[in-house]
Each structure stands twice: as C-alpha cells, then as structure tokens.
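Mapping of the sequence shown onto the working numbering: residues 9 to 74, in sequence order.
Just so you know, even glycine gets a beta-carbon here, dropped at the ideal spot from N, CA and C.
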Amino acid sequence: MWELWIWNGHYIKGKLLKRYKAKDSLMKYAKKNVEFHKMVQSSSNKREFFLDDKEGRPVGIIINNT
C-alpha cells in the first residue's frame, strides 16, 4: 500500500493525504494536489520518496508499507 504524507508544520510525516495500491495512481494524485518541485528517492530505503520544494525543503513523503 502506497501512502502520501505531507508536512504539518512540525513533522514530515504529519498528515496522511491518500492511500493507493498502485504507485502510478499515487504519483498522479501527488502531482495534482501537492506543490513540490522535485522528488528524491531515499538513499537508505528504496520505498521512500521525498517531495521537495524549490528551496530543497521537504514538503511531503511517499512511502510503501508492504
């Protein structure tokens, strides 16, 4: 299950927006509903993607929990 979390002002994994079974569906939803500039894959975990704004600050995270 893929999950999209956004920053709540304190934690990067602060507010759960959406869950999808397919990664592609979640990516389409994130592009439409979250304002981010680039997506960076985590170096320690291949199932995590950080969504960064233009200044490089994280605004959300995409996680696979399976």
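Where the beta strand (DSSP E) containing residue i begins and where it ends
i, result
"Lys28", "It should be pointed out that residue 28 corresponds to Tyr in this sequence rather than to Lys. Taken as a continuous stretch (DSSP letters only), the beta strand (DSSP E) holding Tyr28 covers Lys23 to Tyr28."
"Asn41", "That residue, Asn41, is in no beta strand (DSSP E); its alpha helix (DSSP H) goes Lys31 to Asn41."
"Ile71", "Pro66 to Asn72"
Other residues of its chain near residue i: CB distance less than 7 angstroms, five sequence neighbours each side excluded
i, result
"His45", "Asp60, Asp61 and Lys62"
"Asn73", "Met9 and Glu11"
Own chain, CB closer than 6 angstroms to residue i, minus 5 neighbours either side, in chain order
i, result
"Tyr28", "Trp10 and Leu34"
"Glu56", "Ser50 and Ile71"
"Lys23", "Ile14 and Asn16"
Residue burial classification, residue i (beta-carbon count within 10 angstroms, cutoff 16)
i, result
"Ala30", "exposed"
"Gly68", "buried"
Residue i at chain B interface by Cβ criterion, 8 angstroms
i, result
"His45", "Looking for chain B here will not work: only one protein chain is present."
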